[in-house]
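Everything below concerns the one structure shown next.
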Amino acid sequence: MKKSIVFLVVTISLVLLSLWLLKSNSKHETSLITIDGRTFRKKIYSTDPMVYIIDGLISRRECKHVISVANTLGYNRALAGHKIETGRTNDNAFLNHTHDATTIAIAKRVQQLINIPLTHAEQWQVVRYHTGQQYKTHYDGWEFDTDEWRNEALR
17 MKKSIVFLVV
27 TISLVLLSLW
37 LLKSNSKHET
47 SLITIDGRTF
57 RKKIYSTDPM
67 VYIIDGLISR
77 RECKHVISVA
87 NTLGYNRALA
97 GHKIETGRTN
107 DNAFLNHTHD
117 ATTIAIAKRV
127 QQLINIPLTH
137 AEQWQVVRYH
147 TGQQYKTHYD
157 GWEFDTDEWR
167 NEALR
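Here the sequence shown stands for residues 17 to 171, numbered as in this note's numbering.
What follows is the structure, given as structure tokens:
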């Protein structure tokens, strides 16, 4: 019975999300942006919060490259601070945006898009999920004035 109810709730949620996307697809704002001499279509789905999609900003080849590099570097269990995170059962690989020419090219495009220098960027977090893994709702943060807070503040 519980599985049926969960399945029904998930199904209803997906249907509602699909209807919202269909509705928003017909009304979304579209604009053209130029990055690195290439023109992309930016589809704005929401302005509060800002949600948009830029198709083709990262090519299929570049995506495969990032995944391949992450596989080579290796994945670790998701952590919160230095402890295993129970709400996130996925695996993470951290990749510096200056790893190679491909990652630098992607990072420069994103930098142009958001107008924030790469010197302010953190490492990329490549997230991998296997069947049954999850990412539960959680809050990022640390209790003020603790060793964990000081370590993260220095990062």
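C-beta: ideal position from N, C-alpha, C; glycine also.
Practice problem: Please specify which runs of the alpha helix (DSSP H), each continuous and at least 4 residues long, are wholly inside the stretch 108 to 156, giving them in chain order. | Solution: Within the stretch 108 to 156, the complete alpha helix (DSSP H) runs of at least 4 residues are 117 to 130.
Quiz item: DSSP state of Ile70, grouped into three classes?
Solution: Shown here, Ile70 sits in a strand according to DSSP, grouped into three states.
Self-check item: Beta-carbon spacing of Glu45, Ile60 below 8 angstroms
Solution: A distance below 8 angstroms separates the beta carbons of Glu45 and Ile60.
Exercise. Mind checking which residues open and close the alpha helix (DSSP H) that includes Arg104?
Key: That residue, Arg104, is in no alpha helix (DSSP H); it is neither H nor E in DSSP.
Quiz item: Can you give the Cα-Cα distance for Thr50 and Asp163, rounded to whole angstroms?
Solution: Going by C-alpha positions, Thr50 is about 45 angstroms away from Asp163.
Quiz item: Beta carbon of Asn87, beta carbon of Tyr145: below 8 angstroms?
Solution: No, the Cβ-Cβ distance between Asn87 and Tyr145 is not below 8 angstroms.
Quiz item: What are the start and end residues of the beta strand (DSSP E) that includes Glu45?
Solution: Segment 45 to 51, the beta strand (DSSP E) holding Glu45.
Self-check item: Proximity below 8 angstroms, CB of Leu111 to CB of Val143
Solution: Cβ atoms of Leu111 and Val143: not closer than 8 angstroms.
Practice problem: Rounded to whole angstroms, what's the CA-CA distance from Ser75 to Glu159? Just pull it up for me. | Solution: Straight-line Cα distance between these residues: approximately 40 angstroms.
Quiz item: Name the DSSP beta bridge partners of Ile60, please?
Solution: In DSSP, Ile60 forms a bridge with Glu45, Tyr68.
Self-check item: Cβ shell of Ser20 (< 7 angstroms), same chain only, five flanking positions each side left out
Solution: Confidence is the limiting factor: at Ser20 the pLDDT is only 38, short of 50, which leaves the residue's position unreliable and the question unanswerable from this model.
Quiz item: Out of curiosity, what's the CA-to-CA distance linking Gln149 and Leu89?
Solution: When rounded, the separation of the alpha-carbon atoms in Gln149 and Leu89 is 21 angstroms.
Practice problem: Output the distance between the C-alpha atoms of Trp140 and Arg93, rounded to the nearest integer angstrom. | Solution: The alpha-carbon atoms of Trp140 and Arg93 are separated by roughly 15 angstroms.
Quiz item: So, helix, strand or coil for Thr88, using DSSP?
Solution: DSSP, reduced to helix, strand and coil, places Thr88 within a helical segment of the structure shown.
Exercise. Would you kindly check if the distance between the Cβ of Arg77 and the Cβ of Tyr151 is under 8 angstroms?
Key: The answer is no: Cβ separation not under 8 angstroms.
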